[in-house]
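Asker:
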Amino acid sequence: MFAIVRTGGKQYRVAAGDKIAVEKLAGEAGETITLGDVLLAGKDGELADASAITVSAEIIAQAKSEKVVVFKKRRRHNYRRKNGHRQQMTLLRIVSVA
């Protein structure tokens, strides 16, 4: 069975056993959380009632994503600025879709 869940402003297609990286969620590694915003659910081409579906996931780790380099430059004014940013994310393992 699969489900489409929304978390952190993005949508993810998940099934039991999948690992996904989402925007930072509260919790420590090893805790189990419930992803409540289920948009769609189905199995073998058949759609199921999404309001009756719950998706539970286990937090694997709290991590940072890859660095994004922000470089600003203005021509002929000797203006150069270089900054970096690493977004915080949570690694999840989907335990069940039921």
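The working numbering applies: residue 34 is where the sequence shown begins, and numbers increase by one.
Cβ atoms here follow ideal geometry from the backbone N, Cα and C, with glycine treated the same way.
Because the structure is a prediction, the values reported are computed rather than measured.
1. Check the DSSP bridge columns for Val101 and list the partner residues they point to.
2. Determine the contact status of Ala81 and Ile127, defining contact as a CB-CB distance below 8 Å.
3. For Lys88, count the other beta carbons within 10 Å of its own beta carbon; 16 or more makes it buried, fewer makes it exposed. Which is it?
4. Can you name, in chain order, every residue of its own chain whose Cβ lies under 7 Å from the Cβ of Ser129, other than the five neighbours on each side?
5. How many angstroms separate the CA atom of Ala83 from the CA atom of Lys115?
6. For Leu80, which beta-bridge partners are listed by DSSP?
7. Please check the pair Gly75 and Val101, which I expect to be a contact at CB under 8 Å, by giving their CB distance rounded to whole angstroms.
8. Just to confirm, does Glu56 get its C-beta within under 7 Å of one of the non-hydrogen atoms of the ligand MN?
9. In whole angstroms, what is the alpha-carbon distance linking Lys106 and Thr65?
Answerer: Considering the structure as presented:
1. His118
2. No.
3. For the record, residue 88 in the displayed sequence is Val; it is not Lys. Val88 comes out buried.
4. Ala49, Ser89
5. 45 Å
6. Gly75
7. The pair is not a contact, with the Cβ atoms about 35 Å apart (cut-off 8 Å).
8. Only the bare structure without any ligand can be found here, which leaves the ligand MN out of the picture.
9. 45 Å
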